[in-house]
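Trainee: If you scroll down you'll find the structure; I have some questions about it.
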Amino acid sequence: MPAGKNGGRMMGYQVGPDFWGLINPNWNMCERGRRQSPINIEPNRLVYDPHLRQIHVDKHKISGFLHNTGQSLIFRVEKGGKHHHVNITGGSLVYKYMFEELYLHFGTDNLKGSEHQINGATFPAELQIYGFNAELYHNMSEARQGSHGIVALSVMVQIGDESNRELHNLASGFGKVIYRGQKWPINHLSLAGFLPETHHYMTYDGSTTHPGCWETTTWLILNKPIYITKQELYLLRQLMQGDQTLPKAKMANNFRPVRALHHRTVRTNIDFTHSTGTKACTMNREMFYA
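This is how it looks when you write it as C-alpha coordinates:
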(Lines of atoms letter the chains of each structure in order from A; the text may use other names.)
(Lines give C-alpha, C1' and ligand atoms only; values in the text may rest on other atoms or scores of the structure.)
Protein backbone atom coordinates (compact mmCIF):
# COMPACT_ATOMS: atom_id res chain seq x y z
CA MET A 1 0.00 0.00 0.00
CA PRO A 2 2.64 2.54 -0.97
CA ALA A 3 2.05 6.26 -1.00
CA GLY A 4 1.10 7.74 -4.35
CA LYS A 5 3.30 9.81 -6.61
CA ASN A 6 3.24 13.43 -7.57
CA GLY A 7 5.42 14.79 -10.34
CA GLY A 8 7.40 11.54 -10.35
CA ARG A 9 8.50 11.98 -6.75
CA MET A 10 7.26 10.08 -3.74
CA MET A 11 5.93 12.49 -1.14
CA GLY A 12 6.39 11.47 2.48
CA TYR A 13 6.35 12.68 6.05
CA GLN A 14 9.20 15.16 5.67
CA VAL A 15 7.24 17.11 3.04
CA GLY A 16 4.59 17.81 5.67
CA PRO A 17 1.56 15.55 6.24
CA ASP A 18 -0.65 18.62 6.62
CA PHE A 19 -0.07 19.32 2.92
CA TRP A 20 -0.72 15.81 1.57
CA GLY A 21 -4.24 16.72 0.48
CA LEU A 22 -2.97 19.74 -1.44
CA ILE A 23 -0.05 18.01 -3.13
CA ASN A 24 -2.09 15.32 -4.86
CA PRO A 25 -5.85 15.42 -5.66
CA ASN A 26 -6.01 11.66 -5.12
CA TRP A 27 -5.13 12.32 -1.49
CA ASN A 28 -7.90 14.85 -0.84
CA MET A 29 -9.21 12.84 2.12
CA CYS A 30 -5.98 13.67 3.94
CA GLU A 31 -7.23 17.26 4.04
CA ARG A 32 -11.03 16.96 3.94
CA GLY A 33 -11.65 13.74 5.82
CA ARG A 34 -13.35 13.76 9.21
CA ARG A 35 -12.42 10.23 10.25
CA GLN A 36 -8.67 10.58 10.01
CA SER A 37 -5.89 8.82 11.92
CA PRO A 38 -3.93 8.82 14.14
CA ILE A 39 -5.73 10.26 17.16
CA ASN A 40 -5.02 11.02 20.79
CA ILE A 41 -6.73 8.43 23.00
CA GLU A 42 -8.35 10.23 25.94
CA PRO A 43 -9.02 7.68 28.73
CA ASN A 44 -11.89 9.65 30.25
CA ARG A 45 -13.75 9.58 26.92
CA LEU A 46 -13.47 5.84 26.27
CA VAL A 47 -16.75 3.92 26.03
CA TYR A 48 -16.83 0.42 27.52
CA ASP A 49 -18.35 -2.15 25.14
CA PRO A 50 -18.92 -5.58 26.75
CA HIS A 51 -19.57 -7.13 23.34
CA LEU A 52 -16.04 -6.59 22.03
CA ARG A 53 -14.35 -9.93 21.44
CA GLN A 54 -10.77 -11.07 21.82
CA ILE A 55 -8.49 -10.30 18.87
CA HIS A 56 -7.20 -13.34 16.99
CA VAL A 57 -4.23 -13.44 14.61
CA ASP A 58 -3.18 -16.71 12.96
CA LYS A 59 -0.09 -18.09 14.69
CA HIS A 60 1.68 -19.80 11.81
CA LYS A 61 4.95 -18.26 10.63
CA ILE A 62 5.49 -16.46 7.35
CA SER A 63 8.38 -15.20 5.26
CA GLY A 64 8.76 -12.00 3.31
CA PHE A 65 10.92 -8.95 2.76
CA LEU A 66 11.76 -5.86 4.76
CA HIS A 67 11.65 -2.78 2.50
CA ASN A 68 13.06 0.71 2.85
CA THR A 69 10.68 2.82 0.74
CA GLY A 70 12.33 6.12 1.63
CA GLN A 71 9.31 7.14 3.70
CA SER A 72 8.67 3.99 5.70
CA LEU A 73 10.09 0.68 6.83
CA ILE A 74 7.65 -1.99 5.66
CA PHE A 75 7.50 -5.78 5.91
CA ARG A 76 5.54 -7.47 3.13
CA VAL A 77 4.74 -11.16 3.01
CA GLU A 78 6.15 -13.32 0.23
CA LYS A 79 3.15 -14.02 -2.00
CA GLY A 80 2.58 -17.58 -3.07
CA GLY A 81 4.71 -19.02 -0.30
CA LYS A 82 3.50 -21.83 1.89
CA HIS A 83 1.06 -20.60 4.56
CA HIS A 84 1.51 -16.98 3.47
CA HIS A 85 -2.10 -16.10 4.35
CA VAL A 86 -2.48 -14.75 7.89
CA ASN A 87 -6.03 -14.02 9.03
CA ILE A 88 -7.03 -11.34 11.53
CA THR A 89 -10.43 -11.77 13.19
CA GLY A 90 -12.30 -10.96 16.38
CA GLY A 91 -12.14 -7.68 18.22
CA SER A 92 -14.67 -5.26 16.76
CA LEU A 93 -14.39 -6.92 13.34
CA VAL A 94 -17.38 -8.46 11.60
CA TYR A 95 -15.35 -9.91 8.71
CA LYS A 96 -12.15 -11.88 8.21
CA TYR A 97 -9.13 -9.79 7.24
CA MET A 98 -5.94 -10.97 5.56
CA PHE A 99 -2.52 -9.56 6.45
CA GLU A 100 -1.00 -7.28 3.80
CA GLU A 101 1.93 -5.39 5.34
CA LEU A 102 3.54 -4.14 8.52
CA TYR A 103 4.76 -0.58 9.14
CA LEU A 104 7.20 0.79 11.72
CA HIS A 105 6.98 4.45 12.73
CA PHE A 106 9.73 5.87 14.92
CA GLY A 107 11.35 9.08 16.08
CA THR A 108 14.83 10.55 16.37
CA ASP A 109 14.62 10.41 20.17
CA ASN A 110 12.71 8.56 22.88
CA LEU A 111 10.12 11.30 23.36
CA LYS A 112 8.49 10.85 19.96
CA GLY A 113 7.93 8.24 17.29
CA SER A 114 4.47 6.72 17.73
CA GLU A 115 1.57 8.04 15.71
CA HIS A 116 -1.20 7.43 18.22
CA GLN A 117 -1.01 9.13 21.58
CA ILE A 118 -2.40 8.07 24.96
CA ASN A 119 -3.56 11.08 26.94
CA GLY A 120 -1.07 13.20 25.00
CA ALA A 121 1.91 10.91 25.63
CA THR A 122 3.90 9.13 22.92
CA PHE A 123 6.24 6.14 22.54
CA PRO A 124 9.61 5.87 20.75
CA ALA A 125 7.93 3.75 18.05
CA GLU A 126 4.66 2.23 16.88
CA LEU A 127 4.19 -1.01 14.96
CA GLN A 128 1.15 -1.25 12.69
CA ILE A 129 -0.19 -4.44 11.11
CA TYR A 130 -2.49 -3.80 8.12
CA GLY A 131 -4.91 -6.28 6.60
CA PHE A 132 -7.71 -6.13 4.03
CA ASN A 133 -11.23 -7.54 4.13
CA ALA A 134 -10.80 -10.89 2.37
CA GLU A 135 -14.53 -11.68 2.42
CA LEU A 136 -15.65 -8.62 0.44
CA TYR A 137 -12.58 -7.70 -1.62
CA HIS A 138 -9.87 -9.39 -3.67
CA ASN A 139 -6.95 -7.22 -2.56
CA MET A 140 -5.91 -4.11 -0.65
CA SER A 141 -6.42 -1.82 -3.65
CA GLU A 142 -10.11 -2.76 -3.76
CA ALA A 143 -10.54 -2.81 -0.01
CA ARG A 144 -9.21 0.66 0.68
CA GLN A 145 -12.00 2.09 -1.51
CA GLY A 146 -14.82 0.13 0.11
CA SER A 147 -16.73 -0.10 3.36
CA HIS A 148 -15.08 -2.13 6.15
CA GLY A 149 -12.09 -2.49 3.86
CA ILE A 150 -9.05 -2.32 6.13
CA VAL A 151 -8.00 -3.33 9.63
CA ALA A 152 -4.98 -1.85 11.38
CA LEU A 153 -3.55 -3.33 14.57
CA SER A 154 -1.46 -0.84 16.52
CA VAL A 155 1.19 -1.88 19.05
CA MET A 156 3.24 0.71 20.89
CA VAL A 157 6.97 0.02 21.20
CA GLN A 158 8.93 0.91 24.33
CA ILE A 159 12.63 0.54 25.19
CA GLY A 160 13.50 -2.48 27.32
CA ASP A 161 16.38 -4.74 28.31
CA GLU A 162 15.05 -7.54 26.11
CA SER A 163 13.35 -7.19 22.76
CA ASN A 164 10.10 -8.80 21.70
CA ARG A 165 11.11 -12.03 19.93
CA GLU A 166 9.47 -11.20 16.61
CA LEU A 167 10.67 -7.61 16.72
CA HIS A 168 14.17 -8.96 17.30
CA ASN A 169 13.76 -11.10 14.17
CA LEU A 170 12.66 -8.04 12.22
CA ALA A 171 15.54 -5.99 13.64
CA SER A 172 18.03 -8.44 12.13
CA GLY A 173 17.35 -6.71 8.82
CA PHE A 174 17.57 -3.06 9.94
CA GLY A 175 21.24 -2.79 9.02
CA LYS A 176 20.57 -4.32 5.59
CA VAL A 177 18.00 -1.74 4.45
CA ILE A 178 19.72 1.52 5.34
CA TYR A 179 18.99 3.11 1.97
CA ARG A 180 15.86 3.60 -0.12
CA GLY A 181 15.11 0.72 -2.44
CA GLN A 182 16.95 -1.88 -0.39
CA LYS A 183 15.15 -4.99 0.83
CA TRP A 184 16.11 -7.94 2.99
CA PRO A 185 14.49 -11.37 3.49
CA ILE A 186 12.89 -12.05 6.87
CA ASN A 187 11.95 -15.67 7.52
CA HIS A 188 9.80 -17.48 10.08
CA LEU A 189 8.00 -14.38 11.35
CA SER A 190 4.93 -14.79 13.56
CA LEU A 191 2.57 -11.81 13.40
CA ALA A 192 0.75 -13.10 16.48
CA GLY A 193 4.04 -12.85 18.33
CA PHE A 194 4.00 -9.07 17.95
CA LEU A 195 0.91 -8.80 20.14
CA PRO A 196 1.56 -7.97 23.82
CA GLU A 197 0.24 -10.14 26.63
CA THR A 198 -3.11 -8.46 27.02
CA HIS A 199 -6.65 -9.00 25.78
CA HIS A 200 -7.48 -5.32 26.29
CA TYR A 201 -7.60 -2.83 23.45
CA MET A 202 -9.23 0.35 22.14
CA THR A 203 -11.00 0.55 18.79
CA TYR A 204 -12.31 3.30 16.52
CA ASP A 205 -13.11 4.04 12.87
CA GLY A 206 -10.32 5.94 11.13
CA SER A 207 -8.00 6.06 8.15
CA THR A 208 -4.62 4.89 7.00
CA THR A 209 -1.90 7.20 8.31
CA HIS A 210 -0.18 7.43 4.93
CA PRO A 211 -1.50 8.83 1.61
CA GLY A 212 -4.29 8.62 0.50
CA CYS A 213 -5.63 8.53 4.08
CA TRP A 214 -8.45 6.08 3.18
CA GLU A 215 -11.29 6.28 5.72
CA THR A 216 -12.14 2.59 5.49
CA THR A 217 -9.93 1.52 8.39
CA THR A 218 -10.90 -0.09 11.69
CA TRP A 219 -8.19 0.52 14.28
CA LEU A 220 -7.42 -1.88 17.12
CA ILE A 221 -4.92 -0.39 19.57
CA LEU A 222 -3.47 -2.87 22.05
CA ASN A 223 -3.37 -1.70 25.66
CA LYS A 224 0.22 -2.72 26.44
CA PRO A 225 3.50 -2.10 24.63
CA ILE A 226 6.11 -4.50 23.34
CA TYR A 227 9.82 -3.84 23.78
CA ILE A 228 12.87 -3.07 21.69
CA THR A 229 16.45 -2.74 22.93
CA LYS A 230 18.39 0.51 22.75
CA GLN A 231 20.82 -1.09 20.30
CA GLU A 232 18.05 -2.16 17.91
CA LEU A 233 16.38 1.24 18.12
CA TYR A 234 19.73 2.87 17.33
CA LEU A 235 20.00 0.75 14.16
CA LEU A 236 16.45 1.66 13.20
CA ARG A 237 17.29 5.35 13.48
CA GLN A 238 20.12 4.99 10.96
CA LEU A 239 17.71 4.37 8.08
CA MET A 240 17.89 7.00 5.34
CA GLN A 241 15.29 8.50 3.00
CA GLY A 242 17.55 8.39 -0.06
CA ASP A 243 19.70 5.83 -1.85
CA GLN A 244 23.43 5.26 -1.39
CA THR A 245 24.28 7.90 -4.00
CA LEU A 246 22.12 10.59 -2.38
CA PRO A 247 21.19 9.48 1.16
CA LYS A 248 19.28 12.70 1.99
CA ALA A 249 17.96 12.87 5.56
CA LYS A 250 17.20 10.21 8.16
CA MET A 251 13.88 8.39 7.83
CA ALA A 252 13.12 8.88 11.55
CA ASN A 253 10.14 11.03 12.54
CA ASN A 254 8.06 9.26 9.90
CA PHE A 255 4.85 9.74 11.85
CA ARG A 256 1.71 11.70 11.03
CA PRO A 257 0.52 14.20 13.68
CA VAL A 258 -2.72 13.36 15.51
CA ARG A 259 -5.96 14.39 13.84
CA ALA A 260 -9.19 15.72 15.31
CA LEU A 261 -11.61 13.11 16.69
CA HIS A 262 -14.71 14.89 15.27
CA HIS A 263 -17.22 13.29 17.65
CA ARG A 264 -16.13 9.74 16.91
CA THR A 265 -16.53 7.14 19.64
CA VAL A 266 -13.50 5.20 20.87
CA ARG A 267 -14.62 1.91 22.40
CA THR A 268 -12.74 -0.42 24.71
CA ASN A 269 -13.18 -3.83 26.32
CA ILE A 270 -11.60 -2.55 29.53
CA ASP A 271 -14.28 -2.55 32.23
CA PHE A 272 -13.37 0.48 34.32
CA THR A 273 -15.79 -0.51 37.07
CA HIS A 274 -13.58 -3.52 37.81
CA SER A 275 -10.24 -1.78 37.20
CA THR A 276 -7.89 -0.82 39.99
CA GLY A 277 -7.71 2.93 40.32
CA THR A 278 -8.97 5.54 37.88
CA LYS A 279 -6.19 5.41 35.30
CA ALA A 280 -6.75 2.02 33.75
CA CYS A 281 -5.87 3.27 30.28
CA THR A 282 -3.41 6.05 30.90
CA MET A 283 0.38 6.05 30.55
CA ASN A 284 2.74 7.02 33.32
CA ARG A 285 6.29 8.02 32.49
CA GLU A 286 7.33 4.35 32.35
CA MET A 287 4.79 4.10 29.53
CA PHE A 288 2.63 1.39 31.06
CA TYR A 289 -0.97 2.18 30.34
CA ALA A 290 -2.86 -0.93 31.40
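Read in order, the letters of the sequence shown correspond to residues 1 to 290 in full-length UniProt numbering. We put the beta carbon where it would ideally sit given N, CA and C, even for glycine.
Please state whether DSSP places Glu115 in a helix, a strand or coil.
Mentor: Walking along the sequence shown from the start, residue 115 turns up at place 115. Coil at Glu115, not helix or strand.
Trainee: Among Glu166, Thr122 and His148, whose alpha-carbon lies nearest the alpha-carbon of Ser190?
Mentor: On the sequence shown, position 190 is the one that residue 190 refers to. For Ser190, the nearest C-alpha among the options comes from Glu166.
Trainee: Using only CA atoms, which one of Asp271, Leu220, Ile228 and Leu233 lies nearest to Ile41?
Mentor: On the sequence shown, position 41 is the one that residue 41 refers to. Closest by alpha carbon: Leu220.
Trainee: Can you name the start and end residues of the beta strand (DSSP E) that Arg76 belongs to?
Mentor: To locate residue 76, count along the sequence shown from 1; it is residue 76. Arg76 -> beta strand (DSSP E) spans Leu73 to Val77.
Trainee: CA-CA distance, Ala249 and Leu153?
Mentor: Position 249 of the sequence shown, counted from the first residue, corresponds to residue 249. Position 153 of the sequence shown, counted from the first residue, corresponds to residue 153. Ala249 and Leu153: Cα-Cα distance of roughly 28 Å.
Trainee: Lys250 by DSSP, collapsed to three states: which one?
Mentor: Position 250 of the sequence shown, counted from the first residue, corresponds to residue 250. Strand.
Trainee: Comparing C-alpha positions only, which one of Phe174, Glu101, Trp184 and Gly206 sits nearest to Leu236?
Mentor: Within the sequence shown, numbered from 1, the residue matching residue 236 stands at position 236. Among Phe174, Glu101, Trp184 and Gly206, the Cα nearest to that of Leu236 belongs to Phe174.
Trainee: Excluding sequence positions up to five away, which residues of its chain have a Cβ less than 8 Å from the Cβ of Asp205?
Mentor: Taking the first residue of the sequence shown as 1, we reach residue 205 at position 205. If we look at Asp205 and ignore the five residues flanking it on each side, its Cβ neighbours are Arg35, Glu215, Thr217, Thr218, Trp219 and Arg264.
Trainee: I'd like to know whether the C-beta atoms of Ile88 and Asp58 end up nearer to each other than 9 Å.
Mentor: Your numbering for residue 88 matches position 88 in the sequence shown. Your numbering for residue 58 matches position 58 in the sequence shown. The answer is yes: Cβ separation under 9 Å.
Trainee: Relative to the C-alpha of Met29, which residue among Gln158, Gln145, Val47 and Tyr95 is closest?
Mentor: Within the sequence shown, residue 29 is the residue found at index 29, counting from 1. When each option's Cα is compared against that of Met29, the closest is Gln145.
Trainee: Apart from the five residues just before and just after Gln128, which ones in its own chain have a Cβ nearer than 6 Å to its Cβ?
Mentor: Against the sequence shown, residue 128 aligns to sequence position 128. These residues qualify, in order along the chain: Tyr103, Ala152 and Ser154.
Trainee: Answer with buried or exposed for Thr122, where buried requires no fewer than 16 other C-beta atoms within 10 angstroms of its C-beta.
Mentor: Locating residue 122 in the sequence shown gives position 122, where the first residue counts as 1. Buried, by the Cβ-count rule.
Trainee: Could you tell me the boundaries of the beta strand (DSSP E) in which Met98 lies?
Mentor: In the sequence shown, residue 98 corresponds to position 98, counting from 1. That run of the beta strand (DSSP E) goes Tyr97 to Phe106.
Trainee: Rounded to a whole number of angstroms, what is the C-alpha to C-alpha distance between Leu136 and Glu142?
Mentor: As a position in the sequence shown, residue 136 is number 136, starting the count at 1. As a position in the sequence shown, residue 142 is number 142, starting the count at 1. So the two alpha carbons sit approximately 9 Å from each other.
Trainee: Measuring CB to CB, does Ile118 end up less than 9 Å from Pro17?
Mentor: The residue given as residue 118 occupies position 118 in the sequence shown. The residue given as residue 17 occupies position 17 in the sequence shown. No. Outside cutoff.
Trainee: Is it right to say Val47 is buried, meaning 16 or more other beta carbons lie within 10 angstroms of its own, or is it exposed?
Mentor: Working through the sequence shown from its first residue, we reach residue 47 at position 47. When all chains shown are included, Val47 counts as exposed.
Trainee: Less than 7 Å between C-beta atoms, sequence neighbours within five positions excluded: which residues of the same chain meet that for Arg32?
Mentor: Counting from one through the sequence shown, the residue named residue 32 turns up at place 32. Counting only Cβ-Cβ distances below 7 Å, and skipping sequence neighbours, we find Gly21.
Trainee: Report the residue from Gly90, Ile159, Val177 and Ile62 whose alpha carbon sits nearest the alpha carbon of Asn110.
Mentor: As a working note, residue 110 is residue 110 in the sequence shown. Of the candidates Gly90, Ile159, Val177 and Ile62, the one whose C-alpha sits nearest the C-alpha of Asn110 is Ile159.
Trainee: For Arg53, does the count of other Cβ atoms within 10 angstroms reach 16, so buried, or fall short, so exposed?
Mentor: Against the sequence shown, residue 53 aligns to sequence position 53. Classification for Arg53: exposed.
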